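One structure below.
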Amino acid sequence: MTTDLQTPASPAPSVSLWRQAARTLLADKGSMTALAVLCIIVLACLLAPLYAHYVAHTDAFASNVAGSIVLNGHEVDIMQPNDNPLHLGLSPIGPTGHTAYLLGADSQGRDIAARLLYGGRNSLMISACAAVLCLFLSTLVGVTAGYFGGITDSILSRLMDIMWAVPVYLFAISLSIITVRHGLQIGPFTIEADNLLIPIIIIALVYVPYAARPVRGRVMVLRQAEFVTAARCLGVPQWRVLLFDILPNVLITLVVLGPLLMALSLLAESALSFLSLGVQAPAASWGTMIQDGEGLIYSRPVVAIAPGLAIVFVVLALNILGDGLRDALDIRNATRRSR
Amino acid sequence: MLSAFLRRVGQTLIVLFGISVLVFLVFFATPGADPTARIAGRNASPQTMEKVRHEYGFDRPLPFQYATMMKKLFITRDLTSYANRGEQVVPEIIQAAPVTLSLVCGSAVIWLIVSVAMGTLAAAMKGSWVDRTLIMLGLVGISMPVFWLGQVANLISLSRYHDTWLFSWVPGPGYVPLTQNPLAWFKALVIPWCVLAVMFIGIYSRILRADLVALAQEDFMRTARAKGLSPARILVFHGLRTSAITYVSLFGLDFAQLLGGGALLTEVVFGLPGVGRLTYQALTNLDLPLIMATVMYSATFVVLANAVVDILYILLDPRVRDGR
Amino acid sequence: MLRCLTFAARMNFLRASTLAVIAQTLSVSVVILSPAVAMAQNDSQTPPLPHSGGTLRMVAQSSGGTLDPQISYMALTRQFETPVYDTLLAYPKFAGARAVPVIASLAENVPQPEDDGLTYRITLRKGIRFSNGHELNTEDVAASFRRIFKAGSPTAGPYYSHLKGAKECLADPAHCTLKEGITTDPASRTVTFHLDTPDPEFLPRLAWSHSAILPADTPASDTGNTAPPGTGPYRITGYDPTRFLRMERNPYFHEWAHDAQPAGYPDIIEATFGLDQESELTAVENGQFDWMYESIPLDRLGEAGDHFAGQVQIYSQLLYYYAALNTTLPPFDNLKARQALNYAVNRHAMVIYHGGPAVATPICQLIPSGAPGFDSSCAYTKGASPEHPAAEWKAPDLEKARQLVRESGTAGQKITIVAPLDGRYGAMATELRNTLAQLGYDASVRSMTQAVQFSYIQNSDNRVQIALTGWQADYPSASSFLQTLYSCTTIHPHSDNSLNVSAYCNPDIDALMDQSAMLALKDYDASNASWARADRALMAQAPSVPLVQIRRVTLLAKRVHNAIATLNDDLLLSQLQIK
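Residue numbers (the UniProt record's numbering), protein chains in the order written: chain A, 1 to 339; chain B, 1 to 324; chain C, 1 to 579.
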């Protein structure tokens, strides 16, 4: 797929360009609403321990199937036996509407509302870190390929082509299955299997081809630009050209890609965790919560619906913000999305 | 033309070879992947293990094992699974392929029609509330995790509202072959189709709208308008035709990836025994023959589709065609 | 264990909440397996029973792979093949606790051990024919036992290596003759087994499915998707492992011993593969299928109990879940740490994870309820100790556990629980992790597909500290719970087949177990009492943490009656009646 980069290549964007963009963005009601929603969700997730401790009075990670709570003066079991003649099965308590178990319990008797906030921390952290890491790697690849061209470009581009050819989620799942049991060993560093770095690295890796292409395209345009040629003719060392002329221009592309990549990463994280290949128990993420809820979809659908809605809200907000940024920075940027 | 074609084939083969060697090596480097014990059965004596190891050739050098596996996969086509004794992998893929094909084709029809309609309408009414609503709908579409949407669809159609007139027709779902009962096939797949299509409708309508809006600034569109053609005509005949290039190439790649196993989450959630699910199953079971077969299948599709898209691109786009 | 392995096949994948009604018609590519049987000379066939006839339609998540009865180790395949193949002896085909000692099936008599358990002599019944018309003779028996080694049956080593010449057969299967181990006399129809060393479990092993008697000319390699002819009331006539299995009546069958191999009721038995548990349940509720092989999903136990109570089948099985503690790695190389976890774990919570007291019962010993040698006792509950065990589990004793951990000095150590990847195991693993955390350990869970996990936890190279798993014996016996899992002889370092996951080796207890086993040759009751002692002695050393024993809960369609489930054979397909 081709990438259209229609902004003219100009010397390092001046401070005024950023200020201009910020002004446009601030005036855009949609983007501002999205930003506000994001801020509220992030804040709420950061406050998860306070909520669990002071409001819900629960430990969101300890299973509590044998426990009970007091509702309206009655003591209620968290796992409620069914009253059929065979005494088969138990159901977790549903949404109570009280501070304790506001949204009910999952099959291990844990407070869903509290877990939703804790899970959000992991989901947001992973997707944000993955997006940043992916941008970093893509810049590395894209700038190298785009600026040096020739054989370097050919090799890197073919490599990206191969990665591009594998369905993203299949790629991520394969990597996760290999690492989820033994962790990752890179030289002297060992990353434990339940370390959040593993999903972060995997998600960042699989999206590199998606972000490296626009970066490469941008750099290729820049390389031909007059001001770069001028700098080179004047004998400015290559690293200076790269650092002071190319990178600031690439930054625009990166800023626009950022929220979109984070949205993609969040979706990928939830898919991996849903397949038990991302965040490992007892830690929670919205994906693992959907997975927990799947076994209860018939009796307590809220367990799966709540984290799903949270994902939809955050991804939607990120996409709107991404659109806003793109318009503000005036880059037409088609990023492929996976399913 | 022929040499270009041959070069393409050569490249494809090299890529496939590279992928298969990579899969093979990664498998044998993965701890706990040795299939001998699983094939031999639990508590098998060391002698029985040795017998199995020898029968399956696990005591041979890796290049030999690789060559044997490739021979069994492509030439004799009798490669058997490591996880399920006696299960041949090629027929499994042959059986899974029509399921995925049914799912992806149906879904593609839906997403093409709806996204073209939405994209064109939004571009035509640029700036109006219709445009804004459609943009918003598209955004919501790309923001939903497909497996979650599938679960919710199941919940609504099979459990909560199954007894109402709206969803009482939804079968105790799953896959029914088209050849066996076309109506049941349709009923079983229509909800998965829509769920899978939602995200693509979002992406494609956005891209189309953006394309059309940008095209409106181009010279030939201005000329058309100056000639007095009606706006609808301009949009459909000139705009859409030009946008078709980006659209088709994008579609080709997405379609191929889906056929190659990219629809895995949809297949998992709806219990459709397709290629994606098979691949996932093979991966979680560390079943090398099945992994190898599905990966080869998937890579072949994607590489082929890339080639087809390239050719289409040449045919569709006069600039590329004449520039060569 | 058999079932646990299948559990893998059943659970390995579909967490999907919907269904896949795979082709119900089996028209395409039906593999015809046995040679076409000329319908004829059925004068020997028993007249049809009342309530017989019809097609029984069962449904399962996935098939069990190879059909070779001497190789397949999957519970589902065994379920199909129970009415297809016969062994010399058999477990009685009726429900209840009395169905334990083996009875004669293809043999006329249960042999008495001679020469201190080195010789067993049986006489073959007359007039039994395979489904291809061939009449069963002594050569078929000898050939079938050779084939166990030649085809590489998983249990060739563990179960049949006491036979004379078996060592040579294991080492060089291609040239296996077993001519000293088995002698036959075609005229008197006798077969004599000669053993190197006494095998106290030789009789149950003559009833074990891998010793099924096949025609002598059956190929000496895994038959895969084709089923060799058998002697039972049914024969397998179509099989596609991804889609279906079909069984029809064996025209040559007549009932020779009702308790060993009863004649079947349905004319045809059909199994469809490819639906997940949720879908199976829905389909059976709607009457599209007659029996679901998988258990009812946890989420829908309530629904089944509310609306289909009359159709729900609950039956006992010798299956329990436990956590194996690696006694060679810290912290569980320390007895006090092992005992602490046994005291601390909340078995009531484990019961809830399996669907409540109707489905599961707490267990804190190594021989499950219903198996020979079972004597209810619990050393690790409030108010009990290994010296003074209680009769059953009451409540966890966290204080005592914490004290033991303090004494052991292991607090704060890192522990990784390796658990299979599926809902119930996941919940159990999380509960265990909680408990370990409460005891002051730094615990985490690592999960992987069950098929992979089961061999992973056995290999000492993987250094697994604690593994969550389940065990079901091949046949009801104490030794397959104690000796198989905790004797020094089942430790194979660096091998994926080392069933002693705890790597627990204690020569004194080994001697006690051997003694209990050998007692069985003379005095069955004394042997069982001795096994119970061995169980308590082992539990005092706490090489693992038994958690819950579970019952099977499945659903039959309204039109199906006469469900008979035995401890050894699960539900008897051939005995289901369709009305």
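Built from N, CA and C at the ideal position, the CB exists for glycine as well.
Just so you know, these numbers come straight off a predicted model, no measurement behind them.
In angstroms, rounded to a whole number, what distance separates the CA positions of Ser369 (chain C) and Tyr441 (chain C)?
Sequence index remark: in the third sequence, residue 369 (chain C) carries index 369 (1-based). Sequence index remark: in the third sequence, residue 441 (chain C) carries index 441 (1-based). Using only the alpha carbons, I get a separation of about 32 Å.
To test your reading of the DSSP string, which unbroken alpha helix (DSSP H) runs of 4 or more residues are found completely within the segment 125-209 of chain C?
Correct list: 138-150, 156-160, 166-171, 202-207.
Determine the DSSP secondary structure at Leu259 (chain B), reduced to helix, strand or coil.
The sequence position of residue 259 (chain B) within the second sequence is 259, counting from 1. If DSSP states are grouped into helix, strand and coil, Leu259 (chain B) belongs with the helices.
For Ala171 (chain C), return the contacting residues in chain B, with the cut-off set at a CB-CB distance below 7 Å.
Against the third sequence, residue 171 (chain C) aligns to sequence position 171. By Cβ distance, chain B contributes Gln47.
Near Ala542 (chain C), which residues of its chain fall below 6 Å by C-beta distance, leaving aside the five closest residues on each side in sequence?
For the purposes of this step, residue 542 (chain C) is identified with residue 542 of the third sequence, where counting begins at 1. Answer for Ala542 (chain C): Arg338, Gln339, Asn342, listed in chain order.
Which same chain residues end up closer than 6 Å to Thr288 (chain A) when comparing Cβ atoms and leaving out the 5 residues on each side of it in sequence?
Within the first sequence, numbered from 1, the residue matching residue 288 (chain A) stands at position 288. Once the five neighbours on either side are set aside, the close Cβ partners of Thr288 (chain A) are Ser273, Val279.
Is it a yes or a no for the segment 202-212 of chain C touching the segment 145-159 of chain C, going by three-plus beta-carbon pairs under 8 Å?
Output reads yes: the segment 145-159 of chain C touches the segment 202-212 of chain C.
Express the C-alpha separation of Ala204 (chain A) and Phe136 (chain A) in angstroms, rounding to a whole number.
Position 136 of the first sequence, counted from the start, is the residue given in the question as residue 136 (chain A). Position 204 of the first sequence, counted from the start, is the residue given in the question as residue 204 (chain A). Distance between the alpha carbons of Phe136 (chain A) and Ala204 (chain A): 9 Å.
Would you mind reading off the limits of the alpha helix (DSSP H) that contains Glu267 (chain B)?
Position 267 of the second sequence, counted from the first residue, corresponds to residue 267 (chain B). Its alpha helix (DSSP H) spans residues 264-269.
Quick check for students: name the residue ranges of the beta strand (DSSP E) that lie wholly in the segment 399-436 of chain C, counting only runs of 3 or more.
Counting whole runs of 3 or more residues, the segment 399-436 of chain C contains the beta strand (DSSP E) stretches 414-420.
Does the CB of Leu14 (chain C) have a neighbour CB from chain A at under 8 Å?
Sequence index remark: in the third sequence, residue 14 (chain C) carries index 14 (1-based). For Leu14 (chain C), the pLDDT reaches just 29, beneath the cut-off of 50, and the residue's location in the model is therefore unreliable, leaving the point undetermined.
In the segment 70-100 of chain B, which residues sit with their C-beta less than 7 Å from some C-beta in chain C, listed in chain order?
Cβ contacts with chain C come from Ala83, Asn84, Arg85, Gly86, Glu87, Glu92, Gln95.
Hey, how far is the Cα of Arg8 (chain B) from the Cα of Ala307 (chain B)?
For the purposes of this step, residue 8 (chain B) is taken as the residue at position 8 of the second sequence. For the purposes of this step, residue 307 (chain B) is taken as the residue at position 307 of the second sequence. Rounded to the nearest angstrom, the two C-alpha atoms are 8 Å apart.
Going straight from the alpha carbon of Gly141 (chain B) to that of Phe200 (chain B), what length do you get?
In the second sequence, residue 141 (chain B) corresponds to position 141, counting from 1. In the second sequence, residue 200 (chain B) corresponds to position 200, counting from 1. Taking the straight line joining both Cα atoms gives about 8 Å.
Starting from the beta carbon of residue 407 (chain B), find every residue of chain C whose beta carbon is closer than 8 Å, and list them in chain order.
Limits of chain B in this structure are 1 at one end and 324 at the other, which puts residue 407 (chain B) out of reach.
Given the structure, does Arg60 (chain B) come close to the ligand HEM, in the sense that its CB is under 7 Å from one of the ligand's heavy atoms?
Annotation note on the ligand HEM: not contained in the displayed structure, which lists no ligands.
Taking Asn346 (chain C) as the query, report the chain A residues whose CB atoms sit under 7 Å from its CB, ordered along the chain.
The count along the third sequence starts at 1 and reaches residue 346 (chain C) at position 346. Chain A residues near Asn346 (chain C): Ala66.
Report buried or exposed for Leu183 (chain B), applying the criterion of at least 16 other Cβ atoms within 10 angstroms of its Cβ.
Here residue 183 (chain B) corresponds to residue number 183 of the second sequence, with the count starting at 1. Exposed.
Return the Cβ separation of Leu277 (chain A) and Val180 (chain A) in integer angstroms, given the expectation that the two are a contact with Cβ distance under 8 Å.
On the first sequence, residue 277 (chain A) is found 277 positions in, with the first residue counted as 1. On the first sequence, residue 180 (chain A) is found 180 positions in, with the first residue counted as 1. Rounded, the Cβ-Cβ distance is 6 Å, consistent with contact.
Give, in chain order, every residue of the segment 260-280 of chain B whose Cβ lies closer than 9 Å to some Cβ of chain C.
So the close ones are Glu267, Val268, Val269, Phe270, Gly271, Leu272, Pro273, Arg277, Tyr280.
I want to see whether chain A comes within less than 8 Å of Ala226 (chain B), judged by CB atoms only; does it?
Residue numbering aside, residue 226 (chain B) sits at position 226 when the second sequence is read from its first letter. So, not an interface residue.
Under the three-state reduction of DSSP, which class applies to Glu270 (chain C): helix, strand or coil?
Translated into the one-based positions of the third sequence, residue 270 (chain C) becomes position 270. Glu270 (chain C) falls in the strand class under three-state DSSP.
Which first and last residues belong to the alpha helix (DSSP H) in which Asp240 (chain C) is found?
Walking along the third sequence from the start, residue 240 (chain C) turns up at place 240. No alpha helix (DSSP H) holds Asp240 (chain C); the beta strand (DSSP E) holding it covers 234-240.
Which of the three DSSP states, helix, strand or coil, is assigned to Leu256 (chain C)?
Position 256 of the third sequence, counting from 1, holds the residue named residue 256 (chain C). Reading the sequence as shown, one finds Trp at residue 256 (chain C) and not Leu. Coil, per DSSP.
Taking only beta carbons into account, state which residues of the segment 84-97 of chain A come closer than 9 Å to chain C, listed in chain order.
Answer set for the segment 84-97 of chain A: Asn84, Pro85, Leu86, His87, Leu88, Gly89, Leu90, Ser91.
Given 8 Å as the limit, is there contact between the segment 262-272 of chain C and the segment 556-574 of chain C, that is, 3 or more CB pairs closer than that?
Flag = yes, the segment 262-272 of chain C and the segment 556-574 of chain C touch.
Any idea if Arg115 (chain A) is buried or exposed, counting beta-carbon neighbours within 10 angstroms, 16 or more meaning buried?
Numbered from its first residue, the first sequence carries residue 115 (chain A) at position 115. Result: buried.
Assuming Pro282 (chain A) contacts Phe61 (chain A) (C-beta within less than 8 Å), just tell me the rounded distance between them.
By 1-based counting over the first sequence, the position of residue 282 (chain A) is 282. By 1-based counting over the first sequence, the position of residue 61 (chain A) is 61. Right, the Cβ-Cβ distance comes to about 5 Å (below 8 Å), so this counts as a contact.
So, for Thr25 (chain C): in the same chain, excluding its five sequence neighbours on each side, which residues have a beta-carbon less than 8 Å away from its beta-carbon?
Position 25 of the third sequence, counted from the start, is the residue given in the question as residue 25 (chain C). Confidence at Thr25 (chain C) is low in this model, with a pLDDT of 29, below 50, so its placement is unreliable and the value that follows should be read with caution. Answer for Thr25 (chain C): no residue qualifies.
Using a Cβ-Cβ cutoff of less than 6 Å, which residues in the same chain neighbour Asn82 (chain A) once the five nearest sequence positions on both sides are dropped?
Here residue 82 (chain A) is taken as the residue at index 82 of the first sequence, counted from 1. Only Gly89 meet the Cβ criterion.
Measuring only the C-alpha atoms, how far is Gly322 (chain A) from Met262 (chain A)?
The sequence position of residue 322 (chain A) within the first sequence is 322, counting from 1. The sequence position of residue 262 (chain A) within the first sequence is 262, counting from 1. When rounded, the distance between both Cα atoms is 10 Å.
Please check the pair Asn72 (chain A) and Arg110 (chain A), which I expect to be a contact at CB under 8 Å, by giving their CB distance rounded to whole angstroms.
Translated into the one-based positions of the first sequence, residue 72 (chain A) becomes position 72. Translated into the one-based positions of the first sequence, residue 110 (chain A) becomes position 110. Incorrect: roughly 22 Å between the Cβ atoms, too far for contact.
Using a Cβ cut-off of 7 Å, pull out every chain C residue sitting near Arg181 (chain A), in sequence order please.
Start at 1 with the first residue of the first sequence, and residue 181 (chain A) comes out as number 181. Correct list: Arg446, Met448.
I'd like to know whether the C-beta of Arg206 (chain B) is nearer than 8 Å to at least one C-beta of chain C.
In the second sequence, the residue the question calls residue 206 (chain B) occupies position 206. Arg206 (chain B) does not count as touching chain C.
To the nearest angstrom, report how far apart Ile201 (chain A) and Leu242 (chain A) are at their CA atoms.
As a working mapping, residue 201 (chain A) is identified with position 201 in the first sequence. As a working mapping, residue 242 (chain A) is identified with position 242 in the first sequence. Spanning the two alpha carbons is a distance of roughly 26 Å.
Taking just the CA atoms, how far does Ser91 (chain A) sit from Ala349 (chain C)?
Sequence index remark: in the third sequence, residue 349 (chain C) carries index 349 (1-based). Sequence index remark: in the first sequence, residue 91 (chain A) carries index 91 (1-based). Near 13 Å, if we compare the C-alpha coordinates of Ser91 (chain A) and Ala349 (chain C).
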